[in-house]
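*Asks:* One structure follows; several queries about it will come next.
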Amino acid sequence: MNSRQKMKPHIGMLIIAALLLVLPLIVPNAYVISIMVLVAIFGVLALGIGVLFVYAGLFTLVQPVFLGLGAYTAAILSLRGVPPVISILAGGFLVAIVALMIGAPVLRLRGFALILSSFAILLAANIAFTQLEITGAANGLQNIPLLSLGSLTVKGDVQYYYLSWAFCVACLLICTNIINSRPGRAIQAARDSEMGAASLGVNVAIYQLEIFVITSVMAGFAGGIYCFYLRVVSPALYSYDLLISLVLMTIVGGIGRVWAPLLGCFVIMWLDELMKAYLGKILPVMTGNVTNILFGIIIIVLMIFAPQGLVGLLDEAKRYFRSVFRSGESA
Amino acid sequence: MHNPILEVQDVSKSFGGVQAVQDVSFSLVPGSITSMIGPNGAGKSTLVNCLAGLYAPTRGRVFFEGNEVTGSPAHKIARYGMARTFQLEEPFPYLTVLQNAMVGCHTKSKAGMFASSLKLPWMTREERRIADQAMANLAVLGLAQHAYDLPLNLPLGERKLVGIARTLGMQPKLLILDEPVGGLATHEAHKVVEVIRALVSQGLTIFIIEHNMPFVMSVSQRVIALEQGRKIADGTPEEVQKNEDVILAYLGKDEDA
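Going line by line, the protein sequences match chains Z and B.
Number 861 in the numbering used here belongs to position 97 of the first sequence; there are no gaps in the numbering.
Number 1107 in the numbering used here belongs to position 9 of the second sequence; there are no gaps in the numbering.
Spelled out as structure tokens, the structure:
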């Protein structure tokens, strides 16, 4: 890897970061900004799923539970007068404990057993969110206070835009740094061969538990921000509909880069919005179903023609343009 | 006489009703090359898995440098300085050769999730040190030019060398090679022999599991033969080659004669 190859993606990243920074100024549209807030929040979850699926090889389906747990904890505490920032932190702390308790037994499982048991936890948590009195049962919780720290108050889409994206980028940096260093290598080694990793001194179980808890806590904090942004929490937001979207984002984003699921999240969220906006005009009655069918078709086409996802497509495009440039130079 | 680096006392391992290894005892002298031979299914790999902590022996004890390691988990035994390669497991296929070698430095580095997520300066320095060390280990085995390749794109001989290279990062005292030349062409096998001799000259103890008799006889100072989970011979290559039980195990009884 020479320095040029190393620098290139950084330049692309800087351009995207600059665009994100000035977006509210270029596009002062509340709708666009509000969708982008959701892209950042769900992006954090998709990132976590990508790290677990692609780098750790752990197919756990509980991410929405931790978003919900973070959101409900923050909502319940702040409704009882706990300062909002502390209630978000408490949510993250609770998520860490619950993730440890879930992860320690469940991560010993592999393959279908892991997928099914984690999915069972998702279903159980959803029932708990819908039935318990403390979570407001099926109605959820309303009138969540504003997110404030001292005299500072976060309100409005633009402020939440910056807050959620700052958090999302922080999570991306944390995940990237981990994947590209000793614990990340250990996790990937264990994904490829647990016996091989263990024979080189890697305590596989501990590393898998650690990465599971870290991605879960990220989801928990995202949940805290989410609940103050929406100012309501309702159980339907943290269930398998979200899980399916997240898995879709991860698949569409592709493998090979830590940020791929974030790209997938951006594309899926906006595709969904566009379809809602324009399909409604063409087919007003059956919009919801048609959207699902179209997403299904997109996945099938993508899996056939670009099994590496959007990241794979980008790489191929880069290679193509580079070869075009080369032949242009030599001519 | 040195104290043995590895001492195996009456180790047995059974799976359900199958006795894979039965009451095997031997010890390894530091700095020696010992080979274990035996037909397929003789229990060689099972025994290695018992030594390296992937299986817990059903009976018996294992001592490494005088300390009992029976039943310790594999990652702990690796930390004590016992390294191994695998017969069938390839190097991590989706990590580059360099990253494979860097995973090998796992026990000789300590950056955890916290230091890594924040890219603390000492972690970056450690990372550079590991990369240099891993690169040097690859160079020892002549793999430097493949540092950025994926092992799955390399020929079998080089993949086996990557398997050895990544254990060097652990700075092991004992290296167990499970079929290091299985399936290799002659010139590739020669390369492995050179590597083994070079490692022993640096003070490593080598324990080899192998089928390839010319290789075993040329490289080993001592040969142990296993048959149906039992030790049937133990001695110099010449002695073992002449042992009737070994000949019987390998060639079978000549019933036509």
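Note that beta-carbon positions come from the ideal geometry of N, C-alpha and C, so glycine has one too.
Does any residue of chain B have a CB that is nearer than 8 Å to the CB of Ile956(Z)?
*Replies:* Within the first sequence, numbered from 1, the residue matching residue 956(Z) stands at position 192. Strictly speaking, residue 956(Z) in this sequence is Asp, with Ile absent from that position. Cβ-Cβ to chain B under 8 Å: yes for Asp956(Z).
*Asks:* With a threshold of 7 Å, establish whether the CB of Phe1113(B) neighbours any heavy atom of the ligand PLP.
*Replies:* Ligands are entirely absent from the displayed structure, and the ligand PLP is therefore not among its contents.
*Asks:* Under the DSSP definition of a beta bridge, which residues are partnered with Val1321(B)?
*Replies:* As a first step, residue 1321(B) must be located in the second sequence, where it is residue number 223. In DSSP, Val1321(B) forms a bridge with Ser1133(B), Gly1333(B).
*Asks:* Buried or exposed: which applies to Arg768(Z), given that a residue is buried once 16 or more other Cβ atoms fall within 10 Å of its Cβ?
*Replies:* The residue you call residue 768(Z) lines up with position 4 of the first sequence. Caution applies to Arg768(Z), whose pLDDT of 39 falls short of 50 and renders its modelled position unreliable; the value that the coordinates give is listed next. Its Cβ having fewer than 16 others within 10 Å, Arg768(Z) is exposed.
*Asks:* Rounded to whole angstroms, what's the CA-CA distance from Gly1020(Z) to Ala820(Z)? Just pull it up for me.
*Replies:* For the purposes of this step, residue 1020(Z) is taken as the residue at position 256 of the first sequence. For the purposes of this step, residue 820(Z) is taken as the residue at position 56 of the first sequence. The alpha-carbon atoms of Gly1020(Z) and Ala820(Z) are separated by roughly 13 Å.
*Asks:* Counting only beta-carbon atoms, is Ser731(Z) nearer than 8 Å to chain B?
*Replies:* Here chain Z has residues from 765 to 1095 only, and residue 731(Z) is not among them.
*Asks:* Could you name the residues of chain B that Gln952(Z) contacts, counting a contact when the two beta carbons are closer than 9 Å?
*Replies:* Residue numbering aside, residue 952(Z) sits at position 188 when the first sequence is read from its first letter. Those are Phe1190, Tyr1192, Leu1193, Gln1197, Val1201, listed as they occur along chain B.
*Asks:* Using the C-alpha atoms, what's the distance from Ser957(Z) back to Cys1148(B)?
*Replies:* Here the question's residue 1148(B) lines up with position 50 in the second sequence. Here the question's residue 957(Z) lines up with position 193 in the first sequence. One C-alpha to the other measures close to 18 Å.
*Asks:* Could you confirm whether any beta carbon from chain B is found closer than 8 Å to the beta carbon of Glu897(Z)?
*Replies:* For this step, residue 897(Z) is matched to residue 133 along the first sequence. Not closer than 8 Å to any Cβ of chain B, the Cβ of Glu897(Z) fails to qualify, so no.
*Asks:* Going by C-alpha distance, which of Thr1265(B), Asp1276(B), Val1160(B) is nearest Val1195(B)?
*Replies:* Along the second sequence, read from residue 1 onward, the residue named residue 1195(B) stands at position 97. With distances taken between Cα atoms, Val1195(B) lies closest to Thr1265(B).
*Asks:* Are the segment 1264–1282 of chain B and the segment 1167–1184 of chain B touching, with three or more C-beta to C-beta distances below 8 Å?
*Replies:* yes
*Asks:* Indicate whether at least one CB of chain Z lies closer than 8 Å to the CB of His1204(B).
*Replies:* Counting from one through the second sequence, the residue named residue 1204(B) turns up at place 106. Taking Cβ atoms only, chain Z reaches closer than 8 Å to His1204(B), which makes this a yes.
*Asks:* Express the C-alpha separation of Val1119(B) and Ala1000(Z) in angstroms, rounding to a whole number.
*Replies:* The residue you call residue 1000(Z) lines up with position 236 of the first sequence. The residue you call residue 1119(B) lines up with position 21 of the second sequence. Their Cα atoms are separated by approximately 56 Å.
*Asks:* I'd like to know if the segment 822–838 of chain Z and the segment 797–813 of chain Z are in contact, where contact means that at least 3 CB-CB pairs between them fall below 8 Å.
*Replies:* The segment 822–838 of chain Z, when compared against the segment 797–813 of chain Z, does touch it at the 8 Å Cβ threshold.
*Asks:* Could one say the Cβ of Ile938(Z) lies closer than 8 Å to chain B's Cβ atoms, at least one of them?
*Replies:* For this step, residue 938(Z) is matched to residue 174 along the first sequence. Output row for Ile938(Z): interface = yes.
*Asks:* Between His1288(B) and chain Z, is there a C-beta pair that is closer than 8 Å?
*Replies:* On the second sequence, position 190 is the one that residue 1288(B) refers to. Chain Z contact via Cβ: absent.
*Asks:* Could you tell me which residues DSSP puts in a beta bridge with Ala804(Z)?
*Replies:* Position 40 of the first sequence, counting from 1, holds the residue named residue 804(Z). The partner list for Ala804(Z) (beta bridge, DSSP) is empty, contrary to what the question assumes.
*Asks:* The alpha helix (DSSP H) spanning Met880(Z) covers which residue range?
*Replies:* Taking the first residue of the first sequence as position 1, residue 880(Z) is located at position 116. This sequence places Leu at residue 880(Z); Met is not what is there. Run containing Leu880(Z): 875–895, per the alpha helix (DSSP H) assignment.
*Asks:* Given a cut-off of 8 Å on the beta-carbon distance, is the pair Gly984(Z) and Gly1076(Z) in contact?
*Replies:* Working through the first sequence from its first residue, we reach residue 984(Z) at position 220. Working through the first sequence from its first residue, we reach residue 1076(Z) at position 312. No, Cβ-Cβ distance for Gly984(Z) and Gly1076(Z) is not below 8 Å.
*Asks:* Under a CB-based cut-off of 8 Å, is Glu1342(B) close to chain Z?
*Replies:* On the second sequence, residue 1342(B) is found 244 positions in, with the first residue counted as 1. No, no contact with chain Z.
*Asks:* Tell me whether Met1180(B) sits in a helix, a strand or coil according to DSSP, three-state version.
*Replies:* Translated into the one-based positions of the second sequence, residue 1180(B) becomes position 82. In the structure shown, Met1180(B) falls within a strand segment according to DSSP collapsed to helix, strand and coil.
*Asks:* Have a look at Cys939(Z) and Glu1188(B) and give me their C-alpha separation to the nearest angstrom.
*Replies:* Mapped onto the first sequence, residue 939(Z) falls at position 175. Mapped onto the second sequence, residue 1188(B) falls at position 90. Near 27 Å, if we compare the C-alpha coordinates of Glu1188(B) and Cys939(Z).
*Asks:* So is Val966(Z) in contact with chain B if we call contact Cβ pairs under 8 Å?
*Replies:* Sequence index remark: in the first sequence, residue 966(Z) carries index 202 (1-based). So yes, Val966(Z) belongs to the interface.
*Asks:* Can the beta-carbon of Val966(Z) be found less than 8 Å from the beta-carbon of Tyr836(Z)?
*Replies:* Locating residue 966(Z) in the first sequence gives position 202, where the first residue counts as 1. Locating residue 836(Z) in the first sequence gives position 72, where the first residue counts as 1. No, Cβ-Cβ distance for Val966(Z) and Tyr836(Z) is not below 8 Å.
*Asks:* If you follow the beta strand (DSSP E) that Ser1125(B) is in, where does it begin and where does it stop?
*Replies:* Numbered from 1 along the second sequence, position 27 holds the residue referred to as residue 1125(B). From DSSP, the beta strand (DSSP E) with Ser1125(B) extends over 1116–1126.
*Asks:* If we call anything under 8 Å between Cβ atoms a contact, is Ile799(Z) one with Met1211(B)?
*Replies:* As a working mapping, residue 799(Z) is identified with position 35 in the first sequence. As a working mapping, residue 1211(B) is identified with position 113 in the second sequence. No, the pair does not count as a contact, with Cβ atoms beyond the cut-off.
*Asks:* Which residues in chain B sit within 8 Å of Asn941(Z), going by Cβ to Cβ distance?
*Replies:* Reading the first sequence from its first residue, position 177 is the one you call residue 941(Z). Those within 8 Å of Asn941(Z) in chain B are Ser1214, Ser1215, Leu1216, Lys1217.
*Asks:* If you count every other CB in all the chains shown that lies within 10 Å of the CB of His1204(B), and 16 or more means buried, which is it?
*Replies:* The residue you call residue 1204(B) lines up with position 106 of the second sequence. His1204(B) is buried by the Cβ-count criterion.
*Asks:* Straight-line CA distance for Ala720(Z) to Gly988(Z)?
*Replies:* Summary: the structure shown does not reach residue 720(Z), with chain Z confined to residues 765 through 1095, and so no result is reported for it.
*Asks:* Short of 9 Å Cβ to Cβ, which residues in the segment 1256–1267 of chain B face chain Z?
*Replies:* Gly1261, Arg1264, Thr1265, Gly1267
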